[in-house]
Every structure is written in C-alpha cells, then in structure tokens.
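Student:
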DNA sequence: CCAAGGCCTGAATG
DNA sequence: ACATTCAGGCCTT
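Residue numbers (this note's numbering): 2 to 281.
#1: Pick helix, strand or coil for residue 31, following the three-state DSSP scheme.
#2: Would you call the CB atoms of residue 149 and residue 173 closer than 9 angstroms?
#3: Any idea what DSSP makes of residue 24, helix, strand or coil?
#4: Using only alpha-carbon positions, find the residue among 98, 59 and 180 that is nearest to residue 85.
#5: Excluding sequence positions up to five away, which residues of its chain have a Cβ less than 8 angstroms from the Cβ of residue 25?
#6: Can the beta-carbon of residue 199 be found less than 9 angstroms from the beta-carbon of residue 260?
#7: Within the same chain, show all residues whose beta-carbon is closer than 6 angstroms to that of residue 95, passing over the 5 residues directly before and after it, in chain order.
#8: Report the three-state DSSP secondary structure of residue 281 (helix, strand or coil).
#9: Below 8 angstroms, how does it come out for the stretch 202-217 and the stretch 175-182: are there three or more Cβ pairs, yes or no?
#10: Check each candidate in 258, 275, 201 and 273 and name the one with the smallest Cα separation from residue 73.
#11: Does residue 237 come out as helix, strand or coil in the three-state DSSP assignment?
#12: Could you give the distance in angstroms between the alpha-carbon of residue 103 and the alpha-carbon of residue 111?
#13: What number of angstroms, rounded off, separates the C-alpha of residue 139 from the C-alpha of residue 65?
#14: Could you have a look at residue 47 and say whether DSSP puts it in helix, strand or coil?
#15: With a threshold of 8 angstroms, are at least 3 pairs of Cβ atoms found where one atom belongs to the stretch 184-199 and the other to the stretch 75-85?
#16: So, using beta-carbon positions, are residue 115 and residue 89 closer together than 9 angstroms?
#17: Considering only residues of the same chain and omitting the five flanking positions on each side of residue 281, which have a CB-CB separation below 7 angstroms?
#18: Helix, strand or coil for residue 64 per DSSP?
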C-alpha cells in the first residue's frame, strides 16, 4: 500500500535547494536540466518536455524518514512546523554547477548567475507563451571560454565551472555511477572537482545523487548545531577544518540516522525563517 | 594537521 | 555620495 503523497511546494522550493524556479498563477515552473517542470500547490507535477522525472521523490516513505530523524524536541518542532518540506531529486549537472557557484555567495546572486548561464548557453523553449531556457548541457559549458562564463557574474568560479563541465564530458565524473555508489565513494569522486569541497559535495549528493545521509555543514548549520546541539556535538573552533567536518558528519549520522539529510533540511529551514531571509 | 588570507560580485551597511 | 563589509566556501601558502 502506498502512502498518499503530500508536499508543501512553496516551502520546499524556498529552502535553498533549487534556484531556477518561478511562480505564476498558483503554479511553479522550474528548470531541471533538459526538463521544464510545472507543479501545482498539491504537488501534481508535469514535465513540459514529456520526460520522465523523479524530481519529487514520490517513492520515499516519508513517514518512516520523519520518524527516523525525529530524535529530539528541536527537530520535532521543525518537522511539525514545516511538515510538507521535501527534498527534491535534481538534475546532477545543474545541481553541481549551482553549488559551485553558491560558495561565498548568497541566494539572490546564485539565482542571477544561473539565470544568466541558462540564457547564454541553454536552449530556448517557449511554453504557454512564456520563454524558458533549459540548463546548458555539459558539452556547451566545457567548450565555452572562461571569459564567456565570467559574463554570467560568477567571478573566480568561472574556471571551476568550465573544468567541472569538462570532467563530466570526459566521464571523469559519472553521475549514474555515483548514484549507485555509497557516501564515501561518491564524495571522494566529487572532491576531485575544483570548487567542490566538503559542503558543496554534500549538497550535490543530497539534492541530486540520492544520498540522504549527506548533511551539508555550512556556516548556518554550524550555528544551529552550536545553538541547539552543543551537548551532542561540541564544536570547539570557529572554522571547521576538513578533519572536523568528517568527524562531525559521522556523529550526525550516528545521531540522526541514515536520513539525516532530511533533518538538515528541516533545521535549516526553521532557523533561516527565524531570520526572515528572503529566498526566491 | 591547522590557521590565515585572497578571491569575483553586488547588495547591504556605515 | 562613497567606502567598506559581507555573503549558505574553496584553494593555496
């Protein structure tokens, strides 16, 4: 028997995991690789390109996942407040580029850069009298010059983006293989990409490679852990070193379990909302 | 193994 | 106005 699928689409889109989405008349339209998705408030999804998609992860046993991560009062509160918050299953290439761009940046600027990249390198598609630009294929970005990429406002990340795309076209990074690999193997591979450190790798893994045990530790999550979980995970220093990141991740998996990525998403959403940050 | 500094850019801050 | 700071890291020294 299957659970009834429910989702809070607004909160899920506005939770820092996707950037190329816009709302129009109660529908959300978004770019996911070579696909354009249209989703209504109830989570009914359609591909405007007639492609198959598992974007909404409808097969997840969300009840089980939520029960599994609900280890304490703090996380229970977050889960209750953002009950319909879900993690998407994005196009890996787009996700990788998005989070390479995200480093040392903010939502608005990430969004602006990605829009420019799509507009400059992606295929134009007109749907329902609206113009969309698909996300460019890896080959296109791999062939672009650094200065062309820089016109999208990505600055010093431009060479990273080009090299990352190149590694995909050369099959040094094979997303299909990584989808079927475990956490450590996947991370080891992703870390070979310039501009991909621990945090960015965890984002790519959680949001596009089906690694629900990935738990991106950015400055916000560190603050959250210090605020609510100082007993469970003592964090001594201000800047998290590589080693500390690994140790912390292990403790987090021990504590929140194999779906800890969901815990991250709920905690992150709750804390960010407290600060009334503007999203899309 | 750890700490410090630089990095594109543009919005926010003073 | 104009300068400075800072933002959901990463890389090099």
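The beta carbon of each residue, even a glycine, is placed where N, CA and C say it ideally should be.
Tutor: Working from what's here:
#1: strand
#2: no
#3: strand
#4: 59
#5: 131
#6: no
#7: 34 and 136
#8: Its pLDDT being 44, under 50, residue 281 is placed unreliably by the model, and the measurement read from it follows with that caveat. Three-state DSSP puts residue 281 in coil, outside helix and strand.
#9: yes
#10: 258
#11: coil
#12: 6 angstroms
#13: 36 angstroms
#14: strand
#15: no
#16: no
#17: Note that residue 281 has pLDDT 44, beneath the 50 cutoff, so the model's placement of it is unreliable and the number below is only indicative. Excluding residues within five positions, the ones whose Cβ falls inside 7 angstroms are 14, 15, 22 and 112.
#18: helix
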